[in-house]
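First comes the structure, then the notes that go with it.
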Amino acid sequence: MKKGLLIFALFVSTFSAIAQQLKGRVLDVMNQPIENAYVFNTNTNSHTHTDSNGNFILEKTVAGNQLEIGILGFKKATIIITENQLQEGFQITLETNIFQLDELIIGKEKNALKTIARIDLALNPVNNSQEILRKVPGLFIGQHAGGGKAEQIFLRGFDIDHGTDIALSVDGMPINMVSHAHGQGYSDLHFIIPETIQKIDFGKGPYYANQGDFNTAGYVSFDTKNSLPTNTVSVGYGDFNSFRTLGMFNLLDHNSKDDAYVALEYIETDGPFESPQNFNRLNLFAKLNTYLNGSDKLTFTTSHFTSRWDASGQIPQRAVDNGMISRFGAIDDTEGGTTSRSNINVQLQKTLADNSFMKANAFYSNYNFELFSNFTFFLENPVDGDQIKQFEERDIFGMNVQFTDILDNGKTETTINKGIGFRFDNSSANQLASTKNRTEILQNIQLGDIQQTNAYAFYNATFELGKWKIAPAVRFDYFKFLYNDALSTNYETLSNSKAIVNPKLNFFYTPNDNMQWFLKSGIGFHSNDARVVLQQDADKILPRAYGLDFGNIWKPTKNLVINTAAWYLFSEEEFVYVGDAGIVEPSGKSERFGLDVGLRYQLTNNLFFTSDATVTKARSLEEVLGEDFIPLAP
999 MKKGLLIFAL
1009 FVSTFSAIAQ
1019 QLKGRVLDVM
1029 NQPIENAYVF
1039 NTNTNSHTHT
1049 DSNGNFILEK
1059 TVAGNQLEIG
1069 ILGFKKATII
1079 ITENQLQEGF
1089 QITLETNIFQ
1099 LDELIIGKEK
1109 NALKTIARID
1119 LALNPVNNSQ
1129 EILRKVPGLF
1139 IGQHAGGGKA
1149 EQIFLRGFDI
1159 DHGTDIALSV
1169 DGMPINMVSH
1179 AHGQGYSDLH
1189 FIIPETIQKI
1199 DFGKGPYYAN
1209 QGDFNTAGYV
1219 SFDTKNSLPT
1229 NTVSVGYGDF
1239 NSFRTLGMFN
1249 LLDHNSKDDA
1259 YVALEYIETD
1269 GPFESPQNFN
1279 RLNLFAKLNT
1289 YLNGSDKLTF
1299 TTSHFTSRWD
1309 ASGQIPQRAV
1319 DNGMISRFGA
1329 IDDTEGGTTS
1339 RSNINVQLQK
1349 TLADNSFMKA
1359 NAFYSNYNFE
1369 LFSNFTFFLE
1379 NPVDGDQIKQ
1389 FEERDIFGMN
1399 VQFTDILDNG
1409 KTETTINKGI
1419 GFRFDNSSAN
1429 QLASTKNRTE
1439 ILQNIQLGDI
1449 QQTNAYAFYN
1459 ATFELGKWKI
1469 APAVRFDYFK
1479 FLYNDALSTN
1489 YETLSNSKAI
1499 VNPKLNFFYT
1509 PNDNMQWFLK
1519 SGIGFHSNDA
1529 RVVLQQDADK
1539 ILPRAYGLDF
1549 GNIWKPTKNL
1559 VINTAAWYLF
1569 SEEEFVYVGD
1579 AGIVEPSGKS
1589 ERFGLDVGLR
1599 YQLTNNLFFT
1609 SDATVTKARS
1619 LEEVLGEDFI
1629 PLAP
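Our numbering puts the first residue of the sequence shown at 999, with every later residue one more than the last.
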């Protein structure tokens, strides 16, 4: 009997030791949590990653096991677990380190492809927020009509204009403007001070359930810094009366509870043109982080941006050739505009239970836009010219809530990510008018008030089965469109609504620490301008895009990383709202396919070689051969 009890006690003791969980938290030297750091048990090969609060729970751990904790950009830590750490948990601080590609372990990265963008941002800082988009491999931009207007974006065979087919956000707050006066999805990133950016998250294609409207070619989201390592003041001066000053200041000493800082940016320039650009931009930004209980964090962010500029616009080549104007001259130098945006964003990160946490944010934006353009000079109106004015005043309200649960039965790790949210836009006096010298309205072409609501819910599951990860997902979106046409003789509120469900299915295979293959499939969409939906009875209110990606990320040597992707995208319908003319150009069904290749090579500790190449073919499916090219498609 006693022998039996002894065997039973030993069995229970052994089982308890094997079944124990290890809890911990990973911070940087400024007491800020490090997200997606890998935690690897070298004795059992069990592993996990830290969440957004820096927390982790590691299964199959006993006292005496050795842990490796690291992430690219920080020195790897190796510790031996003690009985006290196993019972009480522990906290560890990782020291900052220079980026070394030989420390990149693809098999241990939460998302190896996004690590590339993090490397690029650290190695190649920029002084313009729009330039940050270039950190997305294969994406390029072009500036036109003065420094105050949002850049034009090109990606995967799309002339995205200013944001029609790419979802952009910062700290969970959307950047795209629905039913904008200048065009659907207009995205002006100039309200972001580039030095405040901490992280870039991106994905190409419609494969991500937490991304909704405009996520056809892809998405890019930015996270701003929670604290500053040091106060910074910089002043720069250049040709054409170009001037930039930046100030970033900590308001509180770094401690475990609170962090706060402010940032200020001011830019002005006359540009290289004969008519001075008279451009200036002011950015104000403030952020406060406070820890409520342990790792629960509440963040308040507020910002204000204002800009004005003059522009010489586009000019005809023949006017330069015949000597009428110089290369830097103008036909109409009264183009330009003003714009401003003020934001309030409140974010909450809360741990609900072991391996269960919530992220939420609520935001408000006040936005103003006025733009004067002249693309045809005197073609339509030989007397007064063809100048147009686009104007709107907008308020945006919204909220996002996401829940993450990690389930581990010892054989399979399952991550459940689900969320709900909404966005409401109220655009007042949304106007397109013919004008003269900015001051005189010759004719109102469009004028009205727009209200648009988008509510959504999504569910994503990721099953980790040894070397495989399988991630099915589904997303539901509901839209409500309202429009009051101020040019109509009778008061009438036009309205329509539409719901859409889009599934996703992604596969990942990691045969070793230096290679990962992926196959992504999904359906996305982008909403159409409310005026298109309500005034022109569009057949496709929310046209879908069907995508497929196959590729890999490979590290053939310790200092070389190569990523490739072959992709295909079919669009049900492309409605191009031409805000400059107040008309809609339906282009029907289309398809795009291509190949992306990226390379990162570290020659020395301080010298990197980077290259990205993309080959794309974009064609309309409803045009005859030879006439099926899509205008401006890269």
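For glycine and all other residues, C-beta sits at the position ideal for the given N, C-alpha and C.
Exclusion of the five residues before and after Gln1441 leaves Ala1431 and Ser1432 as the residues of its chain whose Cβ lies within less than 7 Å of its Cβ.
Tyr1259 has its alpha-carbon roughly 17 Å from the corresponding atom of Asp1026. The C-alpha of Gly1522 lies about 11 Å from the C-alpha of Lys1202.
Following the DSSP letters along the chain, one finds Ala1469 inside the beta strand (DSSP E) bounded by residues Trp1466 to Asp1483. Here the alpha carbons of Asp1118 and Asn1229 stand approximately 23 Å from one another. A check of alpha carbon separations from Leu1597 across Phe1389, Phe1373 and Thr1562 identifies Thr1562 as the nearest. Rounded to whole angstroms, the separation of the alpha carbons of Thr1332 and His1188 is 22 Å. Between Thr1243 and the set Ser1050, Gly1140, Val1233 and Leu1567, the nearest pair of CA atoms involves Val1233.
Residue burial annotation: Gln1085 is exposed, with fewer than 16 other C-beta atoms found within 10 angstroms of its C-beta. Here DSSP, grouped into helix, strand and coil, assigns Ser1310 to coil.
Secondary structure note for Gln1514: its beta strand (DSSP E) is the uninterrupted segment Met1513 to Phe1523. For Leu1249, no pairing in a beta bridge is given by DSSP. Cβ-Cβ distances below 6 Å link Asn1051 to Pro1031, Ser1293 and Gln1347 in the same chain, with the five nearest sequence neighbours on each side left out; the list follows chain order. If you look at Leu1111, you'll find it in the alpha helix (DSSP H) that goes Ala1110 to Leu1121.
Phe1038 is classed as buried because its beta carbon has at least 16 other beta carbons within 10 Å across all chains shown. As computed with DSSP, Tyr1217 is found in a beta bridge with Ala1165 and Gly1201.
According to the DSSP secondary-structure assignment, Ala1258 is paired through a beta bridge with Leu1286.
Where Asn1082 is concerned, the enclosing alpha helix (DSSP H) starts and stops at Glu1081 to Glu1086. DSSP places Val1231 within a strand segment (E or B) once states are collapsed to three. When secondary structure is reduced to three states using DSSP, Ile1386 falls in the strand class. Apart from the 5 residues on each side of it in sequence, His1524 sits with its Cβ closer than 8 Å to the Cβ of Thr1162, Asp1163, Gln1182, Gly1183, Asp1211, Phe1212, Asn1213, Thr1214, Leu1540, Pro1541 and Ala1543 in its chain, given in chain order. In the three-state DSSP reduction, Lys1223 falls in the coil class, being neither helix nor strand. For the pair of segments examined, the region 1502-1514 was found to touch the region 1101-1113: the number of CB pairs separated by less than 8 Å reaches three. Assigned with DSSP and collapsed to three states, Ala1075 falls in strand.
Annotated as proximal: Gly1520 and Tyr1205, with beta-carbon spacing under 9 Å.
Counting C-beta atoms within 10 angstroms of its own C-beta, Leu1532 has 16 or more neighbours from the protein chains shown and is therefore classed as buried. Residues of the same chain with a CB within less than 6 Å of the CB of Ile1439, apart from the 5 flanking positions on each side, are Ala1431 and Thr1433 in chain order.
Taking all protein chains in view, the Cβ of Lys1255 is surrounded by fewer than 16 other Cβ atoms within 10 Å, so the residue is classified as exposed.
For Gly1596, the three-state secondary structure derived from DSSP is strand. Counting the other CB atoms within 10 Å of its CB gives Gln1388 a total of 16 or more, which places it among the buried residues.
The criterion of a C-beta distance shorter than 9 Å is satisfied by Ile1195 and Ile1130.
Separation of the CB atoms of Phe1326 and Pro1270 is rounded to 6 Å, and the pair is thereby assigned contact status at 8 Å. In this structure, the alpha-carbon of Leu1056 lies about 7 Å from that of Ser1044.
A Cβ-Cβ distance of about 34 Å is found for the pair Asn1353 and Ile1394, leaving them out of contact under the 8 Å criterion. Secondary structure at Lys1133: helix, using DSSP grouped into helix, strand and coil.
Secondary structure at Lys1106: helix, using DSSP grouped into helix, strand and coil.
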